[in-house]
Amino acid sequence: MADYLVIVESPAKAKTIGKYLGKKYSVKASMGHVIDLPKSQMGVDVEENYTPKYITIRGKGPILKELKQAAKKAKRIYLAADPDREGEAIAWHLAESLNIDKTSECRVVFNEITKQAIKDSFKHPRTINTNLVDAQQARRVLDRLVGYNISPLLWKKVKKGLSAGRVQSVAVKMIIDRENEIKAFNPEEYWSITASMKKEGQEFEAKFMSVDGKKTELSSEEEVKEVLTRIEGTEFHIDQVKKRERKRNPVVPFTTSSLQQEAARKLNYRAKKTMMIAQQLYEGIDIGKSGTIGLITYMRTDSTRLSETAKQEAKDYIETNYGEEYHNKGETKKTQASKNSQDAHEAVRPTSVMLDPKQIKSYLSRDQHKLYKLIWERMVASQMSPAVMDTMSVDLTNNGIMFRATGSKLKFAGFMKVYIEGNDEGKKEEDRLLPDMTEGEKATSESIDPNQHFTQPPPRYTEARLVRTLEELGIGRPSTFAPTLDTIQRRGYVSLEDKRFIPTELGDIVLELINEFFPEILNVEFTAEMESNLDSIEEGEKDWVNIIDQFYQGFEKRLRYAEEEMKEVEIKDEPAGEDCEKCENEMVFKMGRYGKFMACSNFPNCRNTKAIVKDIGVKCPTCSEGNIVERRSKKRRIFYGCDRYPECDFISWDKPIARPCPKCESMLVEKKSKKGVHVQCSQCDYKEESN
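Mapping of the sequence shown onto the working numbering: position 390 corresponds to residue 390, and the numbering continues sequentially without gaps.
The following block contains the structure:
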């Protein structure tokens, strides 16, 4: 019989920890929270200092019974939930349910699930931190007061199944505000001129910069013609050559937010998927003879700090595998922590740099390996030397018209030997080499091409861009970003098209009502200030009941006003322009969890539904009778198929285009890559270079 009982959240975590602690310890999983606020009611007694009314979660009765039986037999109980507010709240709830003295040293925390970290944490147990518990409880109560009061109002006035919350409402507002910016945007014309130059047989590009020493913006074709008429012949004089060495510093290790952003850019992972895989890597993976090991540190953090042990291990790895010159020797530029950063944990990093992604690839799933490799490379790169670039800028003139050529060459790779940070535009880091040039020499222009452009509206939010903006504004915390993005899509307030958020009509309606009656919920400063108050509760600086009361006094008045004055909104279904093939009633567009679809207007008498397909104007190459239409798979991935399916089973993940291959007359398709979109044959090696 085990002397000690250890309770964690998940079976995977229990399995990993159990191997490290030995036979005297019995490690069991609570499967997350065992008690919580009821789903059927608000569960907060406003009259009694906002006291939460906790109940045993449905289905957790048998688990709680098993834990109570094990607790009676144990000499000592340790609560080892995750090292954050929610983990502290789980420990507090378990202590309540199992009659554990909350002032006893029953709480153990660890930032990584490795043998040494686990053994060290059990040498230094502590009491449950009630400030952390109060901060989490304040968040739950606040969200209940908002959600369980506004949501029923929206059900009554708009439609059932809607919800409102502090962070999710602000996120929807940001998406709608951006869409309004795009609609109101007036594009402005501007022009550029690019010259293809040559010197001693080597070609390079130069951009128009100025006229007679004055920087000139080109806003019309007439202005371009004036510049071009000034150019005499093809010979350009090299007026100025600037060469300098530029250093590029490595980025810091991952926080939760930056991990979600980079996984979206480089791996095309949704925030929810990133956190699910990271949880698996944190809780432990069986890697053969070494047994089950937690591969990364705790993944909910806003700190970029690394332990001295991790730095030393990285130093040893870098110097052994790349050379001493690749280690930064403590010279890495320090980045200022976010004003909202709690710095409670280390950054997200591998528990051991020596666990090279290549060596453990066979023990991981494809997704696990890709995310672990990303985390590993980022951490190693953060401890490497800056990259050194040789840059060159050349000014070339012809009759007062000046063009500038810029180039760079990687002189020393430094951290870039391991990792280069992605960006939202997906541009690739490339060298642009220029020939050796000296002031006073000549270069010739092969061609000079004017190009018309129009200013572009601000881009719609991707998941990565929205997470970054929420973090910068101080809205939400590492644990809230992924569920927030998931909620606003499930409620039908926004849809994700081509990886970018677009608001729906329902989102517009709900936001307008919230803005009219509960403007503070949508106020970015208010929401950020509330997050700051929760942090103050965690630090023991403010009382959670007072914070909640200050909010609720004004909120309750607006709630009573809204119940009387808010008018009912009828959302009419948009006609789809075709009749139901089953009952001949009109088909209408509906919004579901996965976006728009067509449904019969005679529902519930007729339950016919159809996916929305888009004709791309290409005849089917297989049957020659049908048209190719754009469809979406169950995982929301776009593919192309014949509209005569199932009679014709043609399918393509690449978009067909309406002309045959000039080489073999097979179907041409558009292929997407990091460099852009290019056209190639679906059968032979014919390929057209992208513009």
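Every residue, glycine too, gets a C-beta built ideally from N, C-alpha and C.
For Cys681, the beta-bridge partners assigned by DSSP are Leu668. Note: Ser196 is bridge-paired with Glu205, Ser447 in the DSSP secondary-structure output. The alpha-carbon separation between Glu512 and Val158 amounts to approximately 12 Å.
In this structure, Ile231 places its C-beta atom within 8 Å of the C-beta atom of Asn398. Around the CB of Leu228, fewer than 16 other CB atoms lie within 10 Å, so the residue is classed as exposed. Between the alpha carbons of Arg560 and Phe518 lies a distance of about 11 Å.
The alpha-carbon of Leu267 is positioned some 8 Å away from that of Lys370. With three or more CB-CB distances shorter than 8 Å, the segment 162-172 counts as touching the segment 478-491. The alpha-carbon separation between Lys73 and Gln359 amounts to approximately 43 Å. Note: Trp191 is bridge-paired with Leu218, Gln452 in the DSSP secondary-structure output.
The continuous alpha helix (DSSP H) containing Gly554 extends over residues 544-565. Taken through DSSP and simplified to helix, strand or coil, Glu688 comes out as strand.
When DSSP states are grouped into helix, strand and coil, Arg140 belongs to the helix group. Here Glu630 carries a strand assignment [DSSP, helix/strand/coil]. When rounded, the separation of the alpha-carbon atoms in Gln456 and Ser382 is 34 Å. By a beta-carbon distance limit of 8 Å, Arg378 does not contact Phe185. Their separation comes to about 35 Å.
Restricting attention to Ile175, His453, Ser365, the CA atom closest to the CA of Ile502 is found in Ile175.
Here Gln359 is not bridged, per DSSP, to any residue. Fewer than three beta-carbon pairs drawn from the segment 135-145 and the segment 313-325 are found closer than 8 Å, and the two stretches are therefore not classed as touching. Exclusion of the five residues before and after Pro250 leaves Ala381, Ser382, Met384, Phe415 as the residues of its chain whose Cβ lies within less than 6 Å of its Cβ. Taking one beta carbon from each stretch, the segment 532-552 and the segment 46-63 have 3 or more pairs nearer than 8 Å; the two touch. Within the segment 67-99, the runs of alpha helix (DSSP H) at least 4 residues long that lie entirely inside it are, in chain order, 85-97.
Within its own chain, the residues whose Cβ lies closer than 6 Å to the Cβ of Lys243, once the five positions on either side in sequence are excluded, are Met392, listed in chain order. Asp239 places its beta carbon 8 Å or farther from that of Glu446. It is roughly 36 Å from the alpha-carbon of Thr114 to the alpha-carbon of Phe412. C-alpha of Glu262 to C-alpha of Ile401: approximately 42 Å in a straight line. Nearest Cα to Val524 within the set Gly165, Ala95, Leu364, Ser536: Gly165. The beta carbons of Glu88 and Leu132 sit about 4 Å from each other, so the pair counts as a contact at 8 Å. Cα atoms of Ile318 and Ser257: separation of roughly 26 Å, rounded to the nearest angstrom. Looking at the backbone, the Cα of Lys19 and that of Ala95 are separated by about 24 Å.
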